[in-house]
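Novice: One structure follows; several queries about it will come next.
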Amino acid sequence: MASNLLSSFKRALPHKRKELRAFLKKFDKKFIPGIKKYVDPADAETWAETDCLSCANCCKVMTPTFTKADLKRISAHLGMTESAFYDRWLETDKDNGDKVNRIQPCQFLDLKTNMCNIYEVRPEDCAKFPHFKRTPFADFNHIHTQNIEYCPATFKFITRMKEKIERDYEW
Ligand code: SF4
Ligand code: SF4
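Heads up: the sequence shown is residues -8 to 162, going by our numbering.
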């Protein structure tokens, strides 16, 4: 059964998608000086009311990109060769050459607890997701635009960013 977090997100998204995408698109052309003063509170407020263990939608419907270092670290952790690890679970994206999961949900997600079975050695992409504090913010607007479709935390974070910035700026 979908969590409350996920189901309320899915209900809200169709009503807000257009305005949040339009807000993020503005970062292609506009610069907000000192954006950290908006990012930090929006990030803190979002995580204060978001429990990822009641969601795990990123692990269920998206795939991380596995770097060479990820492949090496995770396969060693599992006692496998890198090629055996690749052959068992990964494939190469034909558009960009990224090494990605072949199946969703991710093979390392425990579907009963929503916990990651390789948490300590998980891909860097997973550890950094959903990239709220990555800089410069404007370089990640396309990532947030994509993640709004799947991630309740991103939806909340961008909603807050929009409210805070539009309080101070007309743009
Ligand atoms: S990062 Fe987003 S999609 Fe992933 S579990 Fe947390 S709220 Fe859900
Ligand atoms: S490796 Fe772990 S954190 Fe990353 S997608 Fe799989 S279950 Fe989620």
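Cβ atoms here follow ideal geometry from the backbone N, Cα and C, with glycine treated the same way.
1) Under the rule that 16 or more other beta-carbon atoms within 10 Å means buried, what is Ser74, buried or exposed?
2) Rounded to the nearest angstrom, what separates Phe99 and Glu161 at their Cα positions?
3) Here's a check: name, in chain order, each residue in its chain whose Cβ is nearer than 7 Å to the Cβ of Ile26, leaving out the five neighbours to either side.
4) Taking only the alpha-carbon atoms, compute the straight-line gap between Tyr77 and Leu62 and give it to the nearest angstrom.
5) Spell out the partners DSSP gives Asn92 in its beta bridges.
6) Between Leu11, Asp19, Pro114, Leu(-4), which has its C-alpha nearest Thr150's C-alpha?
7) What does the alpha-carbon distance come out to for the pair Lys28 and Ala13?
8) Would you give the residue range spanned by the alpha helix (DSSP H) that Ala33 belongs to?
9) Could you spell out the range, first to last residue, of the alpha helix (DSSP H) harbouring Ser66?
10) Whether or not the region 103 to 123 and the region 79 to 88 are in contact is what I'm after, with contact meaning three or more pairs of Cβ atoms, one per stretch, closer than 8 Å; do they touch?
11) Output yes or no for whether 8 Å exceeds the beta carbon distance between Gln95 and Thr58.
12) Is any heavy atom in ligand 1 found nearer than 7 Å to the beta carbon of Tyr141?
13) Run the proximity test for Ala35: is its beta-carbon closer than 7 Å to any non-hydrogen atom belonging to ligand 1?
14) What does DSSP give as the partner residue(s) for Cys107 in the beta ladder?
15) When the distance is taken between beta carbons, is Phe0 closer than 8 Å to Phe123?
16) Using beta-carbon positions only, say whether Leu(-4) and Asp42 come within less than 8 Å of one another.
17) Can you grab the Cα-Cα spacing for the pair Phe131 / Ala67, in whole Å?
Specialist: In this structure, then:
1) For the purposes of this step, residue 74 is identified with residue 83 of the sequence shown, where counting begins at 1. Exposed, by the Cβ-count rule.
2) As a working note, residue 99 is residue 108 in the sequence shown. As a working note, residue 161 is residue 170 in the sequence shown. Roughly 45 Å separates the two Cα atoms.
3) Your numbering for residue 26 matches position 35 in the sequence shown. Excluding sequence neighbours, Ile26 sits near Phe128.
4) On the sequence shown, residue 77 is found 86 positions in, with the first residue counted as 1. On the sequence shown, residue 62 is found 71 positions in, with the first residue counted as 1. If I take the Cα positions, the gap works out to 8 Å.
5) Counted from its first residue, the sequence shown places residue 92 at position 101. Answer by DSSP bridge pairing, in chain order: Leu81.
6) To locate residue 150, count along the sequence shown from 1; it is residue 159. Checking every option, the nearest Cα to that of Thr150 belongs to Leu11.
7) Residue 28 sits at position 37 when you count from the first residue of the sequence shown. Residue 13 sits at position 22 when you count from the first residue of the sequence shown. So the two alpha carbons sit approximately 21 Å from each other.
8) Taking the first residue of the sequence shown as position 1, residue 33 is located at position 42. First-last of the alpha helix (DSSP H) with Ala33: 27 to 39.
9) Sequence index remark: in the sequence shown, residue 66 carries index 75 (1-based). Unbroken alpha helix (DSSP H) run through Ser66: 59 to 68.
10) Contact fails: fewer than three Cβ-Cβ distances are below 8 Å.
11) The count along the sequence shown starts at 1 and reaches residue 95 at position 104. The count along the sequence shown starts at 1 and reaches residue 58 at position 67. Cβ atoms of Gln95 and Thr58: not closer than 8 Å.
12) Walking along the sequence shown from the start, residue 141 turns up at place 150. Yes, since a heavy atom of ligand 1 falls inside the 7 Å radius drawn around the Cβ of Tyr141.
13) On the sequence shown, residue 35 is found 44 positions in, with the first residue counted as 1. The answer is no for Ala35.
14) As a first step, residue 107 must be located in the sequence shown, where it is residue number 116. Here Cys107 is bridged, per DSSP, to Leu100.
15) Sequence index remark: in the sequence shown, residue 123 carries index 132 (1-based). Sequence index remark: in the sequence shown, residue 0 carries index 9 (1-based). Contact check for Phe123 against Phe0 fails: the beta carbons are separated by 8 Å or more.
16) Translated into positions along the sequence shown, residue -4 becomes position 5. Translated into positions along the sequence shown, residue 42 becomes position 51. The answer is yes: Cβ separation under 8 Å.
17) Here residue 131 is taken as the residue at index 140 of the sequence shown, counted from 1. Here residue 67 is taken as the residue at index 76 of the sequence shown, counted from 1. When only Cα atoms are considered, Phe131 and Ala67 end up about 31 Å apart.
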